[in-house]
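Enquirer: Below is the structure I would like to discuss, written out as C-alpha cells.
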Amino acid sequence: MIHDPRYRHLRLRALIGVAAGIVAGILFANWRIGLTAAIIAAIADTVYRARTVSSIPAWRRASAAERRTEVQLKKLERTGFRTLHARAIPGSEAQIDHLVVGPTGVYAVDSEKWDKRLPVRVQSHRKLFHGPFNRKPRLDEARWEATQASQLISEALGREITIVPSLAIYGPPIPWRILNIREVDVFSGGLVRKWITKREKSLTTAEIDAIYRAAEQVLPPRYE
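In terms of this note's numbering, the sequence shown is numbered consecutively and its last residue is 324.
Printed below as a string of C-alpha cells:
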C-alpha cells in the first residue's frame, strides 16, 4: 500500500505535516506547538485538495480548451443550436470534441490548447505550424473525423449531410481570423460562436432535430 500511486497524496500530506511540525517545534522549542502545526498543515492540505482536485478521473474530464468552447456553445442554444460533446467515432480512438447542429449547418469543432510561447503560422494554405511542429496530422485527423461522422449520419437519415471540420485554438495568438487549411477551418478559440452563426441559414427546425437524433445514435459518447 505504501508504494501504491493511489495513495501518493496521503504520503505527501504526511510529509507536509511532519515538516511543518518539525519546523514549528524547533522554532518555538515546544513539541506541543510542533504537533499542532503538523495537524493544521495536514488539514490545510486536505482542504486545498478538496477545492482544487476533481473526484472525476482525469481521462473522463473535458480539457480546459473543451470547457471554454462548451461555454460559448451553451449560449447558442437559445437561437436553435444543439450540441453533442465528446462523441466517439466508432471503431477508432478518435472523437469529435463538439458536434454542433443548428440553423446554419452542422459543425465538428475540436478544441486545442497550444503553448502560447510558440508562434502559429501557415505555408501556402496547406501547412500549419506551431513553432517548429507541423500540425498536418491534427488537421488530417479533424477532417477524417468530420467525414466519418458525415457518412454515419447520412446513412442513418438516407440523405447527404455535410459536416464542416474545424480547429479552435487557445493559447498562442492566431495571425488570421478564419483560415481554411487542408479543408479544415482554423481560428482562435474565442471565435467559435461567430464562426458558426455568421453563415447563412440552411436547416429547418425539423431538420436540426432529425440530424441531432441521428448523431446521438451513431456517435456514442466517449465517456459514459
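C-beta atoms are modelled at their ideal positions from N, C-alpha and C, and glycine is treated no differently. Nothing here was measured: the structure is a model prediction, and the numbers come from that model.
Does the stretch 270 to 290 touch the stretch 215 to 234, meaning 3 or more C-beta pairs lie closer than 8 Å?
Expert: yes
Enquirer: Can you list, in chain order, the residues of its chain with a C-beta nearer than 6 Å to that of M101? Leave out the 5 residues immediately preceding and following it.
Expert: Your numbering for residue 101 matches position 1 in the sequence shown. A caution first: M101 carries a pLDDT of 41, below 50, which makes its placement in the model too unreliable to give a value.
Enquirer: Three-state secondary structure (DSSP) at D215?
Expert: The count along the sequence shown starts at 1 and reaches residue 215 at position 115. Reduced to three states, the DSSP call for D215 is coil.
Enquirer: I want to know whether the stretch 203 to 223 touches the stretch 255 to 271 - three or more CB-CB distances under 8 Å.
Expert: Result yes; three or more Cβ-Cβ pairs closer than 8 Å.
Enquirer: According to DSSP, what are the bridge partners of Q195?
Expert: As a first step, residue 195 is located in the sequence shown; it is residue number 95 there, counting from the start. Answer is A188, bridged to Q195.
Enquirer: Give me the Cα-Cα distance between E307 and W276, rounded to the nearest whole angstrom.
Expert: Looking up residue 307 in the sequence shown gives position 207. Looking up residue 276 in the sequence shown gives position 176. Rounded to the nearest angstrom, the two C-alpha atoms are 33 Å apart.
Enquirer: Round the Cβ separation of G202 and R221 to the nearest angstrom and send it over; I've been treating them as touching at under 8 Å.
Expert: Position 102 of the sequence shown, counted from the start, is the residue given in the question as residue 202. Position 121 of the sequence shown, counted from the start, is the residue given in the question as residue 221. With 8 Å as the limit, G202 and R221 do not qualify as a contact, their Cβ atoms being about 32 Å apart.
Enquirer: Nearest-angstrom Cα distance between P272 and K213?
Expert: In the sequence shown, residue 272 corresponds to position 172, counting from 1. In the sequence shown, residue 213 corresponds to position 113, counting from 1. Rounded to whole angstroms, P272 to K213 spans 9 Å at the Cα level.
Enquirer: Locate the alpha helix (DSSP H) running through S250, then write down its first and last residues.
Expert: Stepping through the sequence shown from its first residue, residue 250 is reached at position 150. S250 -> alpha helix (DSSP H) spans 236 to 257.
Enquirer: Between which two residues does the alpha helix (DSSP H) containing L173 stretch?
Expert: Numbered from 1 along the sequence shown, position 73 holds the residue referred to as residue 173. Unbroken alpha helix (DSSP H) run through L173: 164 to 174.
Enquirer: Could you tell me the alpha carbon to alpha carbon distance between G289 and Y270, rounded to whole angstroms?
Expert: Against the sequence shown, residue 289 aligns to sequence position 189. Against the sequence shown, residue 270 aligns to sequence position 170. In a straight line, the C-alpha of G289 is about 5 Å away from that of Y270.
Enquirer: Report the rounded CA-to-CA distance for A188 versus Y323, giving the unit in angstroms.
Expert: For this step, residue 188 is matched to residue 88 along the sequence shown. For this step, residue 323 is matched to residue 223 along the sequence shown. Near 9 Å, if we compare the C-alpha coordinates of Y323 and A188.
Enquirer: Can you check which of these residues, R217, P320, D197, is closest to A242 by C-alpha distance?
Expert: Position 142 of the sequence shown, counting from 1, holds the residue named residue 242. Considering only alpha carbons, the answer is D197.
Enquirer: Spatial neighbours of T169 within its chain, please: C-beta separation below 8 Å, excluding the five flanking residues on both sides.
Expert: If you number the sequence shown from 1, residue 169 lands on position 69. If we look at T169 and ignore the five residues flanking it on each side, its Cβ neighbours are D197, H198, V209, S211, A268, G289, V292.
Enquirer: What span of residues does the alpha helix (DSSP H) with A310 cover, start to end?
Expert: The count along the sequence shown starts at 1 and reaches residue 310 at position 210. Counting along the chain, A310 sits inside the alpha helix (DSSP H) bounded by residues 305 to 318.
Enquirer: Do you know offhand how far S250's Cα is from D215's?
Expert: Here residue 250 refers to the residue found at position 150 of the sequence shown. Here residue 215 refers to the residue found at position 115 of the sequence shown. Taking the straight line joining both Cα atoms gives about 31 Å.
Enquirer: Can you have a look at V171 and say buried or exposed, based on whether 16 or more other CB atoms are within 10 angstroms of its CB?
Expert: Here residue 171 corresponds to residue number 71 of the sequence shown, with the count starting at 1. Under this definition V171 is an exposed residue.
Enquirer: I274 by DSSP, collapsed to three states: which one?
Expert: On the sequence shown, residue 274 is found 174 positions in, with the first residue counted as 1. Reduced to three states, the DSSP call for I274 is coil.
Enquirer: For my contact list, L252 and V318 are in at a C-beta cut-off of 8 Å; report their separation, rounded to the angstrom.
Expert: As a position in the sequence shown, residue 252 is number 152, starting the count at 1. As a position in the sequence shown, residue 318 is number 218, starting the count at 1. Their Cβ separation, rounded to whole angstroms, is 4 Å, which keeps L252 and V318 in contact under 8 Å.
Enquirer: How big is the Cα-Cα spacing for S254 and F287?
Expert: The residue you call residue 254 lines up with position 154 of the sequence shown. The residue you call residue 287 lines up with position 187 of the sequence shown. For S254 and F287, the distance between alpha carbons rounds to 27 Å.
Enquirer: Which stretch, first to last residue, makes up the alpha helix (DSSP H) that contains R293?
Expert: By one-based count along the sequence shown, residue 293 stands at place 193. Element bounds for R293: 292 to 297.
Enquirer: For E245, count neighbouring C-beta atoms within 10 Å of its own C-beta (all shown protein chains included) and say buried if the count is 16 or more, exposed if not.
Expert: The count along the sequence shown starts at 1 and reaches residue 245 at position 145. Buried: at least 16 other Cβ atoms inside 10 Å.
Enquirer: Candidates V118, L173, Y312: which alpha carbon is nearest I143's?
Expert: By 1-based counting over the sequence shown, the position of residue 143 is 43. Residue V118 is the option with its Cα nearest to I143.
Enquirer: Can you tell me where the beta strand (DSSP E) with S229 in it begins and where it stops?
Expert: Position 129 of the sequence shown, counted from the start, is the residue given in the question as residue 229. Before going on, a small fix: residue 229 reads as Phe here, not Ser. Run containing F229: 227 to 230, per the beta strand (DSSP E) assignment.
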